[in-house]
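In what follows, a single structure is set out as structure tokens and then discussed.
Residue numbers (the numbering used here): 156 to 409.
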């Protein structure tokens, strides 16, 4: 069994998830990268191991119960414990509400909500042993929306309710559950918008100018918030939502 903490991050091979994995590894924690992208997941595992970190990539589709169970089994076989679960994996599809298909609804809701529930359900016995914690990655879209994102927003709002409910269910066992709501973060989810712009670099800067702190967020901004909520410094915080958006939600349109 490893003496360091073990952090399991879903959707950990890319974007915000990758940033979270790197933050925990940098702090000396063992990390498990759960992702469907074998190429990115294996590359990140290899890179971290070369730098001296304890890292494991496990191919996982979090919508599939058996794959989640196998993920937990492989994590325990490798490290003997789980201290932190970060439910980060999520997808979005840009449609107007009338354009969404049932397949869209199922893909988004099963990843963003069902996946988080399954991962928490099967990790929980180990979190009870370690007095560990869960950090769910929601979104500012849970509070205020852009057009063409209603289903994604609904799942992210649901994830906040799931966070509160699990926090109450698990408190007696000393397991904390909190959520982080990112704002505009420069990751893969921003790519569908950026790639269609004549000047992608200027497009990112333009988004930054609409944010009170004057810039688009980076994965490490979210990673540091997750690490705080998973740390002893947050030992009296559970059922909470931490918005990390550069002040975006606090600003009226002008």
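In this text, a Cβ means the ideal position worked out from N, Cα and C, and glycines have one as well.
Using only alpha-carbon positions, find the residue among 371, 170, 220 and 340 that is nearest to residue 196. 170
Counting pairs of Cβ atoms below 8 Å between the region 372-380 and the region 340-360, do you hit three or more? yes
Runs of 4 residues minimum, wholly inside the region 256-303: which ones carry the alpha helix (DSSP H) assignment? 257-264 and 270-285
DSSP beta-bridge partners for residue 364? None, per the DSSP bridge assignment.
Burial state of residue 174, where buried means 16 or more other Cβ atoms lie within 10 Å: buried
Local conformation of residue 410 per DSSP, three classes: Residue 410 is absent from the structure shown; the chain starts at 156 and stops at 409.
If I measure Cβ to Cβ from residue 208 and keep anything under 6 Å in the same chain, skipping five residues before and after, which residues do I get? 180
Close-in-space but distant-in-sequence residues of the same chain around residue 268 (CB under 6 Å, 5 per side omitted): 310 and 313
What separation, rounded to the nearest whole angstrom, lies between the Cα atoms of residue 319 and residue 389? 16 Å
Kindly give me the distance between the Cβ atoms of residue 187 and residue 203, rounded to whole angstroms, as I take these residues to be in contact under 8 Å. The Cβ separation is near 11 Å, so there is no contact.
Can you tell me which of the three DSSP states residue 110 falls into? In this structure the chain extends from 156 to 409, so residue 110 is not present and cannot be described.
State the beta-bridge partners of residue 331 as determined by DSSP. 288
Give a yes or no on whether 7 Å exceeds the smallest Cβ distance from residue 375 to chain B. Absence of chain B from the displayed structure is noted, only one protein chain being present.
Using a 10 Å radius around the Cβ and a threshold of 16 neighbouring Cβ atoms, would you call residue 227 buried or exposed? buried
Within the same chain, show all residues whose beta-carbon is closer than 7 Å to that of residue 183, passing over the 5 residues directly before and after it, in chain order. 159
Three-state secondary structure (DSSP) at residue 175? helix
Throw me the rounded Cβ distance for the residue 290 and residue 275 pair, which I believe falls under 8 Å. Not confirmed; about 11 Å, so no contact.
In three-state DSSP terms, what is residue 353? coil
Boundaries (first-last residue) of the alpha helix (DSSP H) holding residue 219: No alpha helix (DSSP H) contains residue 219, which DSSP labels as neither H nor E.
Of the residues 213, 250 and 335, which one's Cα is nearest the Cα of residue 242? 335
Going by DSSP, what residue range makes up the beta strand (DSSP E) through residue 163? 161-165
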